[in-house]
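Worksheet: the structure to be examined is printed underneath.
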Amino acid sequence: MQSLPGPLVDARRLVAASGPAVFQRGQEYFRAGRVRTVRWSPGTQGAGSLSAEVEGSGSVYSVTVRVGTGGAPGPAWCSCPAGGFCKHAVATVLRHNFETAVRAHRPGGSAAPLSPGGRAATGDTAAGGTATGREEQADWKDALAEILGGAGPAAPAPEDPSGVALEFDLRREPYRYVHGTGRAGSPWHLYVRPVRRGRRGQWIKGGLDWETVGGDPGAGPLSPGQADWFDELRALSATRTPYAVHDRHWIRLDSYASPLLWGILARAEDAGIALVGREHGLPVTVEEPGRFHVDVVRGPGKDLQLRPTVDSGGRRIALDTARIIGDPGHGLFAPDGDPRDVADTEDLNVFPLRLVPLATRLTREQRRFLDTAGGLTIPPDEVEEFFDRYFPRLHRSMDVDNGDGSIELPQVADPELVLTLEHQELTIRARWEWEYQKGRDRVRLPFRPVDPLADEPVHRESSWETAVTAAVRHRAPGVDLRRSSYVAADALVLVRQWLPALEKIPDLRVEHTGGRPAYQQITDPPTITVSTAPTERRDWFDLGVTVKVGEFYISFADVFRALDLGQDVMLAPDGSWFSLDRPEFDRLRELIAEARSLQETPEGPLRIHRHQAGLWEEFEDLAAETDQAEAWRASVRSLLELETLEAPAVPASLHAELRPYQRDGFSWLSVLWDHGLGGILADDMGLGKTVQAIALICRAVERDPDLPPFLVVAPTSVVPNWVAEIRRFAPSLTAVGVTDTQAKAGTALADTAAGAHVVVTSYTLLRLDESAYRGIPWAGVLLDEAQFVKNPRTKAHRAVRDLETPFTLAITGTPLENSLVELWALLSLTAPGLFPSRRKFTETYQRPIERGEDAAALARLRRRVKPLMLRRTKESVDLELPPKLEQTIEVELSPAHRRLYDTRLQRERQKVLGLLRDLDRNRFTIFQSLTTLRLLSLDASLVDPEAEVSSSKLDLLFEHLPEIVAEGHRPLVFSQFTSFLKKAAARLDELRIPYAYLDGSTTDRARVLERFTSGEAPVFLVSLKAGGFGLNLTQADYCFLLDPWWNPATEEQAVDRTHRIGQQKKVMVYRLVARDTIEEKVMALKERKARLFTAVLDDDRMFSSALTAEDIRGLIAP
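Residues in the sequence shown are numbered from 1 upward in steps of one, following the UniProt record's numbering.
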């Protein structure tokens, strides 16, 4: 590629290739100096290509232009969005022509350097030349004239522009199938073509046709502006004109669809283009815009004549000789002559031609009317029908008037949709009707025809009705056109929200009847009052809520209904309104919904149970006033104001010194007892729950010696402890322990209980002799270790539920272990009115809380439970206990032990993963596999008796246990697996270390306990479940937990057998966990379940508790 000179490019052909407008913009770019150095690449026979970079508005574009032999511009390429022969390509060619011309006129043939403006930098003389500055300036003019195609004095003058015309030809066509022929039998069409004036002054084709007229402007008789004019006319002829039949010579104008035709014709004169008729050179006149209307006149026989008419410039167009341009039509053409002469003349071109644009495009209806030409005649006896049924429609679709004054036309009002609102106090009756013109009257039709087949007084405008209906639904989507009544808040919404929108809809009128309320807003804050009233059902009270707004009291039922329906406003009796979008109402809605969900019959009257003191407290906080029934006030207020009440005296019959927190517990229990309310005493293990319960029994018996007996239900192993504790702390009370069924004892339970103050039995015996216990009225029922009845599906739970007693107390340090359903199960026994429905409890609390989805539900649950559950931890009371130090020891499996574990892990993992698809059905098998892995973590021989692999855990335990015993310490060793405990016992036997052993099969429990507490056996081997309750082992100061369990409460219960009141020594707790085994995963799961317990009972943290398939996957993960 080089900068050698190339041929000049033909400027006229360049204009033709790019178009005049693009050529002009290219000139502007060239003159602005936007073209960078042009390079010429020669080809063969003088051809080649030009390339350059051109500065655009925001980018630099690359341009290539092919140049043919003789300087003909060929194809062009540009990187701009337009591409092709764009302004950048034109500027490139002009720059090339400029440089080529400069070289031709300078000595040496070199181009002068260009200034930024595109002009050559000149001096007094060019290097090596002799020309003067004036000669160079003359050379510049010649060069620019050549470059710009006649811009200078040397350019040839164009031909006389008045020698170009658009010729019109009116023809009668023999072919009737061509679209747009007009009326039948009158196939006139109008054609146009470009012509030029010949040498003799006549109009001739002269080589012009529609294919050549737009190309190469300036090369023939057309100026660039004329070429553009013809090209635009030709291009628009094909726009939306599928039936515009024409060839390269003629365009059929009556099929010209675009109304832009009239703008083009109006510019013809400015472009120097005449409009002429064919053959005779008669003028073609574009008239002023015409107006279409229908002239209604009285005929000679009192008939009516409807004549379609077009007036233009004060003249009436003879429509029987006129034809329409476009479809439906935007103009007319007509020979300018007597209609009779036109009808009799074969060659219509002998008449001057009138072209009439229409002020507005024709509608389909107007077009059909025009096609009737002569109009319509209405017989005299049908004139009334015409005015009643047809004249209004005709008037709406086109202009109608009376030109000769022969008849007075009725005034026609447009039809309307009428909405009549009849106000009746706080109710609005709505009626929708269509109103039409009938003759000189207005008639109304129902919104929907009563009988679609019946005649109606006027013709319905179906399309118009549909359009208006659609407008109503669009502007006021909340309005139901089928609804006829709006009451109270609905009426307010209609008036405030939708009526303003309806009133703005065209063709819709709103009418009001009756006394319309003012609908003023009440801005005073509402005053809420809550009240309770006794009902026929014991423990349940009617809950009343009233709202005062301004001077009006609004019924609670109406308020709640409005809130429940999601309404944002509500009406007072006088039509004034107030907003429901207030925090008080939002909170009221939540509390009412909760209260209703807690009822046994949610659809009945709103009620509240005495156990729901926490819920009442929140109602009370919200209300400005309360009105409480005396029975409600006595029971509920005492619970909520416990700290301000005078503490009851400790009964004299209690032979124990209560600690301060135990006195508080005794006071709380006394309030529950006095008001017949049950509850849960959930103090930490070791805080003396038993003595607090005995103090309550002593107080009750002192106040009423004739009370029926109390029933204490406890685990079998704890029954003797209860009897012993009652005799120790309350020797004046008669306590009877039941250790056999009636059948085995040979004594009726009623006889056993006769004369006793307290009967102590086990959950097992209660279940077996359920009917006997149910037949005795009990003063109260105390459920020790109440987690034994945490499953509501068990027979033991049902047996407790059916006991006849006004008071039930659950005593447990672990009111929930795995799921919130366990807490519900205990509350359903002790406070059955708090959460009557398990399903509602699950939906409202269990699921959202356990899934971690609703912190508010957790906080609400704690508020509801708080009045009926008392829990103190060891950390929250001053027990002055010695410290409890806990440590987790990771045990590394021996290589042989590790190989056995890992091999079995792979097998069990594959099996469990396949079963998790149906966890509920396969739960037992899955837990079998998990148990196998846990046993393998302890001792391989527990799974495979043939395995000769030592237990890594026992090896570690017995590295320290003999030394601990030798130093005088008393260790407890816990395991969930009795088979593993027996392995530990075997090693103690080998070492000749005495020990006590307790598991669920131990029969002489008291003797076993005595061996350890007396010091006869320094080591106590205890199964985790058997030792989790009913034991006081403060003699021990070391605890070894050989295997972790995913229920942290079980472990805590076991450890707290020693770390409790009476302990004088520091307690050391060691948890042995096999590293990289399922036990590590159990520890993590246990931690999550500990958060469940803490979240509900001790703080507000969220948790999830259910053992899910994901939990199990985690347990068997690598």
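Even for Gly, the Cβ is constructed at its ideal location relative to N, Cα and C.
It should be emphasised that the depicted structure is a prediction, and the values quoted were computed from it without experimental measurement.
- Pairing Asp-568 with Ser-555 gives a Cβ-Cβ distance that is not under 8 Å.
- Residue range 339 to 344 is occupied by the alpha helix (DSSP H) that includes Asp-344.
- As for any beta strand (DSSP E) of minimum length 3 sitting wholly inside the segment 829 to 898, the runs are 884 to 891, ordered along the chain.
- Rounded to the nearest angstrom, the gap between the Cα atoms of Asp-228 and Pro-392 is 48 Å.
- Counting only residues of its own chain and dropping the five nearest sequence neighbours on each side, Ser-975 has a CB closer than 6 Å to the CB of Leu-981, Leu-1042 and Asp-1043.
- Of the candidates Pro-792, Asp-664 and Phe-927, Pro-792 places its Cα closest to the Cα of Ser-837.
- With a beta-carbon spacing of about 7 Å, Val-713 and Val-800 fall inside the 8 Å limit used to define contacts.
- Nearest in C-alpha terms to Arg-1075, of all of Leu-988, Ser-929, Val-912 and Asp-902, is Asp-902.
- A check of alpha carbon separations from Ile-776 across Glu-785, Val-758 and Leu-905 identifies Val-758 as the nearest.
- As the crow flies, the alpha-carbon of Glu-890 is around 16 Å from that of Leu-936.
- Look at Pro-224 here: in three-state DSSP terms it is helix.
- If only uninterrupted beta strand (DSSP E) runs of at least 3 residues are considered, those enclosed by the segment 743 to 772 are 758 to 762.
- Pairwise C-beta distances place the segment 769 to 785 in contact with the segment 697 to 713, as three or more of them are shorter than 8 Å.
- The segment 697 to 707 makes contact with the segment 651 to 669, as at least three CB pairs between them are under 8 Å.
- In this chain, Ser-59 is not harboured by any alpha helix (DSSP H), its DSSP state being neither H nor E.
- Pro-357 is positioned such that its CB atom lies closer than 8 Å to that of Gly-290.
- Under the DSSP assignment, Leu-376 falls in the beta strand (DSSP E) whose first and last residues are 376 to 378.
- Contact between Asp-247 and His-189 is ruled out by a C-beta separation of about 14 Å, above the 8 Å threshold.
- Residue Gly-678 holds the alpha-carbon nearest to the alpha-carbon of Leu-868 among Asn-349, Gly-678 and Ser-49.
- In the DSSP assignment, the residues bridged to Glu-53 are Ser-62.
- Between Val-559 and Gly-544 the beta-carbon gap is near 12 Å, outside 8 Å, which marks them as no contact.
- Within the same chain, and ignoring the five residues on either side of Glu-1079 in sequence, the residues whose Cβ sits closer than 6 Å to its Cβ are Ser-937, Pro-1044 and Val-1073.
- The Cβ-Cβ distance between Val-1019 and Tyr-995 falls below 8 Å.
- Judged by DSSP in its simplified three-state form, Gln-202 adopts coil rather than helix or strand.
- With respect to the C-alpha of Leu-998, the residue from Trp-673, Glu-1010 and Gly-272 having the closest C-alpha is Glu-1010.
- In the DSSP annotation of this structure, the continuous segment of the alpha helix (DSSP H) that includes Trp-722 starts and ends at 719 to 729.
- By the Cβ criterion, the segment 825 to 833 is in contact with the segment 802 to 812, since at least three pairs of Cβ atoms, one from each stretch, lie closer than 8 Å.
- Distance from the Cα of Thr-1034 is smallest, within the candidate group Ala-467, Gln-1063 and Ser-576, for Gln-1063.
- Per DSSP, the continuous beta strand (DSSP E) segment holding Val-1069 begins and ends at 1067 to 1074.
- CA-CA distance, Asp-802 to Trp-824, rounds to 17 Å.
- Sixteen is the threshold: when 16 or more other Cβ atoms of the shown chains lie within 10 Å of the Cβ of Gln-692, as they do, the residue is buried.
- When the alpha-carbon of Asp-784 is set against those of Arg-728, Ser-717, Asp-751 and Thr-741, the nearest one is in Ser-717.
- Here Glu-346 is exposed: its Cβ has fewer than 16 other Cβ atoms, across all protein chains shown, within 10 Å.
- In terms of CA proximity to Lys-874, Asp-1056 leads the group Ala-857, Asp-1056 and Ala-593.
- In this structure the segment 451 to 459 does not touch the segment 397 to 414; the number of beta carbon pairs closer than 8 Å is below three.
- Bridge partners of Phe-710 according to DSSP: Val-758 and Gly-780.
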